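*Asks:*
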Amino acid sequence: MKKNVREKLLFIIILTISGNVLLAQGKFSVTAGWGYYELTNIGARWNISEISSLSVFGGTNFGINDKKQRSAGLSFDQTFRKPLFWKLMPGYSIGTYYWTSDDDLYYFSSLAFPVMVLLSYPVSQSLSFRIEGGGIFNAVLVSDRKQNVEAGYPYRGNGNIRLGVIYKLGAK
Amino acid sequence: MKNISVVFLAAFIFSAGGCKKIKYEPDNPISGLPTTIVLMHRGNGFNTEYNPNTFPAAEYGLSVLDGVELDIQISKDGTLWLDHDNEVHDCEGNVVGCFQTLTDSEIFAASVCNDTARYHTLESVFKLMAADYPNSYISLDIKGQYCEIINTKETMYKMAESVLALVDKYSMHNKVLVESSSLEFLQELDNQSSVGQCVISLGDVDEGITNASFVKAKGISLEYGVEEVNADVVSMIHRKGYGLILWVINEPDDIAAAWNSKPDFIETDNPDFKNYISK
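Which chain is which? The protein sequence lines are A and B, in order. Counting from 0, one number per residue, gives the positions in the first sequence under numbering that gives the first Met the number 0. Counting from 0, one number per residue, gives the positions in the second sequence under numbering that gives the first Met the number 0.
#1: Mind reading off the beta-carbon distance from A/S127 to A/I165? Whole number of angstroms is fine, and I expect it under 8 Å.
#2: Starting from A/S142, find everything on chain B with Cβ-Cβ shorter than 8 Å and list it in chain order.
#3: Can you name the residues that DSSP bridges to B/I29?
#4: With DSSP as the reference, please indicate the residues paired to A/G156 in a beta bridge.
#5: Quick one: any contact between the region 164-171 of chain B and the region 203-216 of chain B, if contact means 3 or more CB pairs under 8 Å?
#6: If we define contact as Cβ-Cβ less than 8 Å, is A/Y96 a contact residue for chain B?
#7: Between A/G163 and chain D, is any beta-carbon pair separated by less than 8 Å?
#8: Taking the straight line between their C-alpha atoms, what separation do you get for B/V177 and B/W246?
#9: Is A/A43 near A/T59, with beta carbons less than 8 Å apart?
#10: Tell me which same chain residues have a C-beta within less than 7 Å of the C-beta of B/F351, skipping the five on either side of it?
#11: Compare the C-beta of B/M235 against all C-beta atoms of chain A and say whether one is closer than 8 Å.
#12: At the 8 Å Cβ level, is A/A150 part of the contact set with chain B, yes or no?
#13: Would you call the region 99-115 of chain A in contact with the region 134-143 of chain A, where contact means no fewer than 3 C-beta pairs closer than 8 Å?
#14: Closer than 8 Å by C-beta to B/K152: which residues in its own chain qualify, once you throw out the five before and the five after it? Chain order, please.
#15: Let me know the secondary structure DSSP gives B/Y23 once reduced to three states.
#16: So what's B/L61 in DSSP terms, helix, strand or just coil?
#17: Kindly list, in the order they appear in chain B, the residues whose Cβ is closer than 8 Å to that of A/F112.
#18: So A/F107 contacts chain B; which residues on that side make the cut at Cβ distance below 8 Å?
#19: Below 8 Å, how does it come out for the region 220-235 of chain B and the region 184-193 of chain B: are there three or more Cβ pairs, yes or no?
#20: Please state whether the Cβ-Cβ distance between A/G62 and A/Y96 is less than 8 Å.
#21: Using three-state DSSP, classify B/E105 as helix, strand or coil.
#22: Go ahead and label B/Y145 buried or exposed: buried means 16 or more other beta carbons lie within 10 angstroms of its beta carbon, across all protein chains shown.
#23: Taking only beta-carbon atoms, is A/N60 less than 8 Å away from chain B?
#24: Return the CA-CA distance between B/I244 and A/W45, expressed in angstroms with no decimal places.
#25: Going by the beta-carbon positions, is the gap between B/D263 and B/L32 smaller than 8 Å?
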């Protein structure tokens, strides 16, 4: 067997084994949901520990109402061990988002910093629902006015809400 | 547990109260000034015969154009002084202190070099204008008080009150503009009509309009060249209810273009400004 083929094979084996080990340990989750700034989104989550995780997501509004919006972000979440009431686990989420808005009036791109509290409802070991609410702070990166009739600008501070479902891979 | 529940409830109520992502300004049309007023930047403009932001510079600028633009500082005694820097320098150029930490007599003592005063009060210029240039305009650039950051808020309030007091004293109503990026300063002036308060925008027109709306300013002060400002843009700014100051425009081609866009005020260093406007 040629050397480079052997190396590739070895790499795939290592990746498969480590991937299976991580998945078996429930180290990763996939997410989907909707948020005011996160839009309709899908993402992945690295479960750093039982209570904390690091997430990435990408979202879109599918160009509804002739306005194209996109978002992508990174967030760190932590849930507390003790339920707030019923089975609802409280927690918080902080992060950094990049979002764009493009319509006939303006193109904006902005960097946003959400500070949210969350309630997580575990349906099973692998599936949980989540609602997040809080505030978001915007720093406008690009503002391109396409006309001279309307004048607008993104709010520097705003409320934000996010709903999501999380599926933990490899959980027993 | 009860406290945590309250925090969660408050956060969700706050999030539910979120506005649209983009704030669009409603129309609130103003007519703008009938003709553009041209102000000599720093009093002296390109004329090096005078030190910028001094009484002689202001006297020169008032004699050449429609008015002057000057930078101001405030002393410990609450007197408004003309200068760009927050620090007071002695004759050798050493820093003596900051305007807001020095009394008027201390500033004056540091000011006189070779029997000539380098620092002058805003009141001396107002007195001159009231007597000899009653139809001229003055724009005051409220400089940041960076020497004593802790007390900036109080200093800005004090500056706003001092400007209003001087305007009343010399009956300079509707002849004085103030340009500032300090929210405290501008908010202190939001419920009066004798001074035209303008928010300085180092970004684009849209950011300027948003900031002006937030602090209830009457206009925006915009650096020329950040984005194209033509007659349509100025018309939009007026339709949204704000005046416009453009700075600093010196080149003949820029002068002609800026003049044709019909802003309310233009600041220039060029004493021959008006020779280029019919181009």
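Glycine included, every Cβ here is placed at the ideal spot set by N, Cα and C. Every value quoted in this text rests on a predicted model; they were computed, and no experiment measured them.
*Replies:* Let me lay it out:
#1: 5 Å
#2: G202, D203, D205, E206
#3: B/I29 pairs with nothing; no bridge assigned.
#4: A/F136
#5: No, because fewer than three Cβ pairs between the region 164-171 of chain B and the region 203-216 of chain B fall closer than 8 Å, the two stretches do not touch.
#6: no
#7: This model lacks chain D altogether, as its protein chains are A and B.
#8: 14 Å
#9: no
#10: Limits of chain B in this structure are 0 at one end and 278 at the other, which puts residue 351 of chain B out of reach.
#11: yes
#12: yes
#13: yes
#14: E183
#15: strand
#16: helix
#17: Chain order gives no chain B residues near A/F112, where near means a beta carbon separation below 8 Å; the closest approach is about 15 Å.
#18: Within 8 Å of the CB of A/F107, the CB atoms of chain B belong to I21, in sequence order along the chain.
#19: no
#20: For A/G62 and A/Y96, no; Cβs fall outside 8 Å.
#21: Collapsing the DSSP output to three states places B/E105 in a helix.
#22: That one is exposed.
#23: no
#24: 52 Å
#25: yes
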